[in-house]
Amino acid sequence: MTAAVFTVSAPAVADGQPTALGGESRPARARPTVVLVHGAFADSSSWNGVVARLQKDGYRVVAAANPLRGLPTDSAYVADVLRSIQGPVVLVGHSYGGAVISAAATGNRQVKALVYVSALIPDKGEALSTLSAKFPGSALDPALRRVPFKNADGTTGTDLYVAQEAFHAVFAADLPRTTTSVMAATQRPIAAAAFADRATSAAWRTIPSWAAVATRDKALPPALERFEARRAGSHTIEIDSSHVGMISHPDAITDLIRTAARAKSPATPSPATPSPATPSLAGTGSRALRLIGVAGGLLLAGAVLLAAGRTRPASRR
Numbered sequence: 020m021t022a023a024v025f026t027v028s029a030p031a032v033a034d035g036q037p038t039a040l041g042g043e044s045r046p047a048r049a050r051p052t053v054v055l056v057h058g059a060f061a062d063s064s065s066w067n068g069v070v071a072r073l074q075k076d077g078y079r080v081v082a083a084a085n086p087l088r089g090l091p092t093d094s095a096y097v098a099d100v101l102r103s104i105q106g107p108v109v110l111v112g113h114s115y116g117g118a119v120i121s122a123a124a125t126g127n128r129q130v131k132a133l134v135y136v137s138a139l140i141p142d143k144g145e146a147l148s149t150l151s152a153k154f155p156g157s158a159l160d161p162a163l164r165r166v167p168f169k170n171a172d173g174t175t176g177t178d179l180y181v182a183q184e185a186f187h188a189v190f191a192a193d194l195p196r197t198t199t200s201v202m203a204a205t206q207r208p209i210a211a212a213a214f215a216d217r218a219t220s221a222a223w224r225t226i227p228s229w230a231a232v233a234t235r236d237k238a239l240p241p242a243l244e245r246f247e248a249r250r251a252g253s254h255t256i257e258i259d260s261s262h263v264g265m266i267s268h269p270d271a272i273t274d275l276i277r278t279a280a281r282a283k284s285p286a287t288p289s290p291a292t293p294s295p296a297t298p299s300l301a302g303t304g305s306r307a308l309r310l311i312g313v314a315g316g317l318l319l320a321g322a323v324l325l326a327a328g329r330t331r332p333a334s335r336r
C-alpha cells in the first residue's frame, strides 16, 4: 500500500502494445494491458508485488491512482485512464476499487475481463453502504477514525482512516507488523460520503469476470465476497488471506489475472445462474488456493463500512 513497503518502482502508463522483456515488439496477438485499481486506505503501490510479476511476463501494466472521493468521481477518472490506453484491457479492482471498475468499464469494448480482489461488486442502483452491510463479520467500522475537512467552496466533509493501532488486525493480519505499521502511517483516506453513493451501472453483467475471495478477511466479510462473485457469475478462487491478498499472496492474485488475460473469447456471463464445478486444490507459489463451487456465494477498499459462478483453478507458474 505504500511505496516504502516495496522495492519495485511505480509503472508508467502503457500504450497497450506489449513488448518482450528485451524491448522488442511481439509479432503475435497483442497481450492486454493490465490496469490495477486500488481501494481505500491504500495507494497504487499496494499492487507492486503483482506489477513486478506481470512485468516479468511481458505484460504492460498501469496502476491507476484512485482519487477515493466517491463513486461518480472515481469511476469517471478511471474511465478516462482506460480511454488513454490502446488495445485490449484486463481491469482489476481491490475492495472499493471493485465498485469503481464496475462503473468505469461500462460501455468500453476494450475491457475484455474484470478481476475482483476482495472486492465490492455492486449491482446497478445498489447503495454501497447497503451492500457492505449485507453480511456480518466485518471489524472495520469500529476501527475507523473520522477526520473532518473543508472543501474549497466552504462546505465540510469527513475522511475515514483506519486507526493505526487496529490496522494490522483488521486490514492485513497476515503481514509482518513492521510492514503494516508503515502501511498504517501512509494510508490514504476515503471520503465518508462515498458510502451513500449508488452504482449507476454494473459492467460485470456484460463483461466476463474473475474473483478472489479472502477467507480471513476482517474488513469485508468473506460471505459477502462469495455472494457477489456468485451473483456476477465470476470464475472464483479462495485464498487463505487477509483483506490485502495482492500484498500477502501476490502469486495467487497474479495467476488469477493471467488466467483472465489468457481467456479466449469468453462467453457473456450469466449472473445468478453460475454453472457448478467440482472444488479442488491448486498450488500457487508457496500458497494453496481452495476453489469453491456453486454453493459458496469494502470494504469499500476500504471503508465503512464472490461462489463462484464458474470456478476455475488458478494457473501454476
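The sequence shown begins at 20 in the numbering used here and counts up by one.
All C-beta atoms in this analysis are idealised placements derived from N, C-alpha and C, irrespective of residue type, glycine included.
| Query | Result |
| --- | --- |
| Just to confirm the assignment, what range does the alpha helix (DSSP H) spanning S148 have? | 147-151 |
| Would you mind working out which of H268, G156, V263, S260 sits nearest L243, comparing C-alpha positions? | G156 |
| Whole-angstrom Cβ separation of W229 and S121, contact assumed at under 8 Å? | About 13 Å separates the two Cβ atoms, so there is no contact after all. |
| Could you give the DSSP three-state label for K131: helix, strand or coil? | strand |
| Assuming the contact rule is C-beta atoms closer than 8 Å, T175 and R165 should be a hit. Round their C-beta distance to whole Å, please. | Rounded, the Cβ-Cβ distance is 12 Å, inconsistent with contact. |
| Go ahead and pull the three-state DSSP assignment for G58. | coil |
| Based on the DSSP output, what are the partners of L110 in its beta bridges? | V54, L133 |
| Contact between the segment 82-96 and the segment 53-70: three or more CB pairs below 8 Å? | yes |
| Hey, out of A118, G144, P141, V109, whose CA is closest to Q129's CA? | V109 |
| Mapping DSSP to helix, strand and coil, what is V201? | helix |
| Report buried or exposed for S137, applying the criterion of at least 16 other Cβ atoms within 10 angstroms of its Cβ. | buried |
| How is the alpha helix (DSSP H) around Y115 delimited, first residue to last? | 115-123 |
| According to DSSP, is S64 helix, strand or coil? | helix |
| Rounded to whole angstroms, what is the Cα-Cα separation between S114 and G173? | 31 Å |
| Pop quiz: S220 and T125 are said to be a contact at Cβ under 8 Å. What is the actual Cβ separation, rounded to whole angstroms? | 4 Å |
| Considering just the uninterrupted stretch of the alpha helix (DSSP H) at P91, what are its terminal residues? | 90-102 |
| Please return the same chain residues whose Cβ sits closer than 6 Å to the Cβ of R88, not counting the five positions on each side in sequence. | A210 |
| Please state if the CB of L101 and the CB of A123 are separated by a distance shorter than 8 Å. | yes |
| Per DSSP, what are the beta-bridge partners of P167 in this structure? | T177 |
| Of all the options G116, R217, A231, F246, which has the alpha carbon lying nearest to the alpha carbon of E145? | R217 |
| Specify the secondary structure class of V70 as computed by DSSP and reduced to three states. | helix |
| Quick check on G126: does DSSP put it in helix, strand or coil? | coil |
| Under the assumption that P269 contacts G68 (Cβ atoms under 8 Å), give the Cβ distance between them as a whole number of angstroms. | 3 Å |
| Note down the Cα distance separating A82 from P240, rounded to an integer number of angstroms. | 25 Å |
| For a test of the three-state rule: what should DSSP assign to R45, helix, strand or coil? | Confidence is the limiting factor: at R45 the pLDDT is only 41, short of 50, which leaves the residue's position unreliable, though a coordinate-based value still follows. R45: coil per DSSP, three-state reduction. |
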